[in-house]
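What follows is a single structure, written as structure tokens, with notes after it.
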Amino acid sequence: MNPYWTLGVANLATSSGIVVALWGAFEFSESGGPAPRWTWIVFLGTGLAYGIGFGLWIWSTLPTGSWPAYILWISLLVYFALLLIGLTRRYQRREPLERRQVKWVLYGFYIALLPQVLLGLAALAGIYLTSRPLGAALNLAWLAIPLGFVIAVVGYRFLDIDQLISATASYSLVGIALLGGALVFIPKVARAASDAIGVAPETGQWMLSLALAGVLVPVHRALRPWIDRRLFAERYALAQSFERLLGELSSCTHAEELTKLSGARLDALLHPESIVIYARAGDAFTPIFARGRAAPPAFEAGSLLVHTLESQARPLFAGATKLDPFERAALQTLGVEVVTPTLLNVTLIAFTCLGPKRSGDIYTQTDLALLAAVAHASSEVLARLDQAAIAREAGEMQAALRRYVPGAVVQQISQGQELEPREREVSILFVDIRDYTRFAAVRPAEDVFATVNEHTERVSALVQSQGGVLVEFNGDGMMAVFGAPEPLPSKERAAVEAARKIVDSMPPSLAVGVGVATGPAFVGNLRASDRLIWSAIGSTTNLAARLQSLTRELRASIALDATTHARAGYVCADFVRHEKVAIRGREVREEVFALPLRPVPAHD
Numbered sequence: 293m294n295p296y297w298t299l300g301v302a303n304l305a306t307s308s309g310i311v312v313a314l315w316g317a318f319e320f321s322e323s324g325g326p327a328p329r330w331t332w333i334v335f336l337g338t339g340l341a342y343g344i345g346f347g348l349w350i351w352s353t354l355p356t357g358s359w360p361a362y363i364l365w366i367s368l369l370v371y372f373a374l375l376l377i378g379l380t381r382r383y384q385r386r387e388p389l390e391r392r393q394v395k396w397v398l399y400g401f402y403i404a405l406l407p408q409v410l411l412g413l414a415a416l417a418g419i420y421l422t423s424r425p426l427g428a429a430l431n432l433a434w435l436a437i438p439l440g441f442v443i444a445v446v447g448y449r450f451l452d453i454d455q456l457i458s459a460t461a462s463y464s465l466v467g468i469a470l471l472g473g474a475l476v477f478i479p480k481v482a483r484a485a486s487d488a489i490g491v492a493p494e495t496g497q498w499m500l501s502l503a504l505a506g507v508l509v510p511v512h513r514a515l516r517p518w519i520d521r522r523l524f525a526e527r528y529a530l531a532q533s534f535e536r537l538l539g540e541l542s543s544c545t546h547a548e549e550l551t552k553l554s555g556a557r558l559d560a561l562l563h564p565e566s567i568v569i570y571a572r573a574g575d576a577f578t579p580i581f582a583r584g585r586a587a588p589p590a591f592e593a594g595s596l597l598v599h600t601l602e603s604q605a606r607p608l609f610a611g612a613t614k615l616d617p618f619e620r621a622a623l624q625t626l627g628v629e630v631v632t633p634t635l636l637n638v639t640l641i642a643f644t645c646l647g648p649k650r651s652g653d654i655y656t657q658t659d660l661a662l663l664a665a666v667a668h669a670s671s672e673v674l675a676r677l678d679q680a681a682i683a684r685e686a687g688e689m690q691a692a693l694r695r696y697v698p699g700a701v702v703q704q705i706s707q708g709q710e711l712e713p714r715e716r717e718v719s720i721l722f723v724d725i726r727d728y729t730r731f732a733a734v735r736p737a738e739d740v741f742a743t744v745n746e747h748t749e750r751v752s753a754l755v756q757s758q759g760g761v762l763v764e765f766n767g768d769g770m771m772a773v774f775g776a777p778e779p780l781p782s783k784e785r786a787a788v789e790a791a792r793k794i795v796d797s798m799p800p801s802l803a804v805g806v807g808v809a810t811g812p813a814f815v816g817n818l819r820a821s822d823r824l825i826w827s828a829i830g831s832t833t834n835l836a837a838r839l840q841s842l843t844r845e846l847r848a849s850i851a852l853d854a855t856t857h858a859r860a861g862y863v864c865a866d867f868v869r870h871e872k873v874a875i876r877g878r879e880v881r882e883e884v885f886a887l888p889l890r891p892v893p894a895h896d
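Under my numbering, the letters of the sequence shown match residues 293 to 896, in that order.
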């Protein structure tokens, strides 16, 4: 092939790549907002300038000096400057998870540019690279740039990028010190030593280099914690807090103390949306500690989840764990992202379910290692406690999590109807009192109790008037199901009408947020603690709870998913459509329809 054609194709590809890379840096995520339109002119201009400079530099035979090369290098400098500006702009505006993705992109650029920087430093010292194989190997570092983008999109859970950056920064500083010493000091010292003891200078340089490397290894170990404290202060503080927690766990003398301490501290340190600790109770694992929105169901001791945790013996991501449909629905309802087993010898005796972090960040491999350390410390404590006392305390904690049975379900039971869990389509409603903590903090306990009791009775009556079943109370929040246990025609409309009536019935001192979602769920009797409860579990339940949480962000009183809105008809005609809304725990952005605050009352 004609080499000029090859260079032309390479030039065109590189110029286009510059434009695309700049666009990606400025438009990498939707959460940061769109970039100004004029930036496209700058992107295209930079790519065009590079292409012209490269072409003139390669093909020009005019005696005009090196001005085409100046165009080439200036365009490259502008490109890297704009790339850094774009990535910095996005980093500052992003959520924690997206910041983690940007770090992978920047890390790829760092790995790609580091060999070039080292070659430049060596050239300043008068050392030039003459080995073609070594030069080709160093050029392979440029592959780190596209690899960084790929990992940022699909593999950001692969490694803890903060740990990787910390280790790379430490090794880089140590490596630069080693290179500087090898280039500047070692030759002079080697020559002086060779004159003094009669050793060849080359041998002296090798011996001194090895000695310097031996000194720098412990320097790296001391430097790494210092870098952690400066660059990743929050992560360093988290690791120190876990170290203190491990010490506190080892001093526990009762199973109840151990459970409450580990549950409360994990909640405070990792800030999960929900946390449930399960312990073995006969032929099932039932909850003994729970914080979150949904009623935690029990898991059979012979279930696939239990077998997987027992065989793997390490924290697992719920989405990557082999589960049957019912178990997956149960974990989706709880919003579980990570499950951590606690084993006594090789037998599973407890496990902890953690929901997504409230910050939106992921659980890193470092987080999983810390959770594994907590599980190991807990198992050591349980091993030295009296097993009969553990069983007794577990039973007492399980009894504290008992639930009631809804009236509509009592009717079906009295008629001898089966209520075994099965999948069916339902509409789920979640309602929650706004600013409940602040409301309760300034009022006497008896007033708070009376207000919440009145609110519960009001919501229960409105839900039942529309054919729904109130299945869960959780302090200031409630969950209702429409379309089960008995089928309900127009269940979506009934749920929305109930939501509107709940909002309109609130006194001036109270405000609520309501979320409604429609879809498949496992509905029926679920084992929880020492009895059966009737509830609905699955992704639809989780979505309804997420929509309720979104009402604050959308400045709305009610939020619906697209299915509910499409089927409810005229009762939600005044809802406002929000496109591409990020819902935590959902991989794709979805349409949400919201009723703004202070809505116009609906007309029948």
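We treat Cβ as the ideally placed atom computed from N, Cα and C, and that holds for glycine.
Distance from the CA atom of Thr551 to the CA atom of Ala813, rounded to whole angstroms, is 31 Å.
With a beta-carbon spacing of about 35 Å, Arg730 and Val815 fall beyond the 8 Å limit used to define contacts. Nearest Cα to Ala886 within the set Glu879, Gln840, Thr632 and Arg876: Gln840.
Contact check for Arg838 against Gly807 passes: the beta carbons are separated by less than 8 Å. In this structure Leu852 is in contact with Val788, their Cβ atoms being roughly 7 Å apart against a cut-off of 8 Å. With three or more CB-CB distances shorter than 8 Å, the region 655-666 counts as touching the region 530-550. Here the C-alpha atom of Phe741 lies approximately 51 Å from the C-alpha atom of Ile443. In the structure shown, Asp575 adopts coil according to DSSP, grouped into three states. Around the beta carbon of Asp659, 16 or more other beta carbons sit within 10 angstroms, so the residue counts as buried. Taking 8 Å as the cut-off, the beta carbon of Thr855 is found no closer than this to the beta carbon of Gly805.
Beta-bridge annotation (DSSP): Glu715 is paired with Phe814. When Gln393, Ala610 and Gln532 are compared, the shortest CA-CA separation from Val445 is found for Gln393.
Looking at the DSSP output, Leu762 shares a beta bridge with Ala772. Going by DSSP, Phe534 is part of the alpha helix (DSSP H) stretching over Ala525 to Ser542. In this structure, DSSP gives Asp659 a helical state, which the three-state scheme calls helix.
Here the alpha carbon of Lys793 sits roughly 23 Å from the alpha carbon of His870.
The C-beta separation of Glu602 from Leu636 comes to about 11 Å, leaving the pair out of contact by the 8 Å criterion. Apart from the 5 residues on each side of it in sequence, Arg527 sits with its Cβ closer than 6 Å to the Cβ of Asp454 in its chain, given in chain order. Taking C-beta atoms as the reference points, Leu780 and Met770 fail to come closer than 8 Å. Between Gln758 and Ala809, the C-beta spacing is not below 8 Å. Ranked by Cα distance from Ala404, the first of Ala874, Phe372, Ile569 and Leu553 is Phe372.
Collapsing the DSSP output to three states places Tyr448 in coil.
If the five residues before and after Asp575 are omitted, its C-beta is found closer than 8 Å to the C-beta atoms of Glu592, Ala593 and Gly594, all from its own chain and listed in chain order. A Cβ-Cβ separation of about 6 Å places Val718 in contact with Phe774 under the 8 Å criterion. Between the alpha carbons of Tyr402 and Ala459 lies a distance of about 13 Å.
DSSP links Glu882 through a beta bridge to Val873.
Relative to the Cα of Gln657, the nearest Cα in the group Gly555, Gly447 and Leu523 belongs to Gly447. By the Cβ neighbour-count rule, Leu754 is buried, with 16 or more other Cβ atoms within 10 Å of its own. Of the residues Glu746, Arg620 and Arg391, the one whose Cα lies closest to the Cα of Met798 is Glu746. For Thr600 and Leu615, the gap between their C-alpha atoms comes out near 9 Å. Straight through space, the alpha carbons of Ala610 and Gly627 are spaced by roughly 9 Å. Within the same chain, Ala851, His870 and Val873 come within 6 Å of Val884 by CB-CB distance, once the 5 residues on both sides are set aside. Selection Arg449, Val409, Gly467 and Phe441 evaluated against Ile654 yields Arg449 as nearest (Cα-Cα). In the three-state scheme derived from DSSP, where H, G and I count as helix and E and B as strand, Ile519 is classed as helix. Counted as a single uninterrupted DSSP element, the alpha helix (DSSP H) harbouring Ser797 occupies residues Lys783 to Ser797. With contacts defined as CB atoms closer than 8 Å, Pro407 and Leu376 fail to qualify as a contacting pair.
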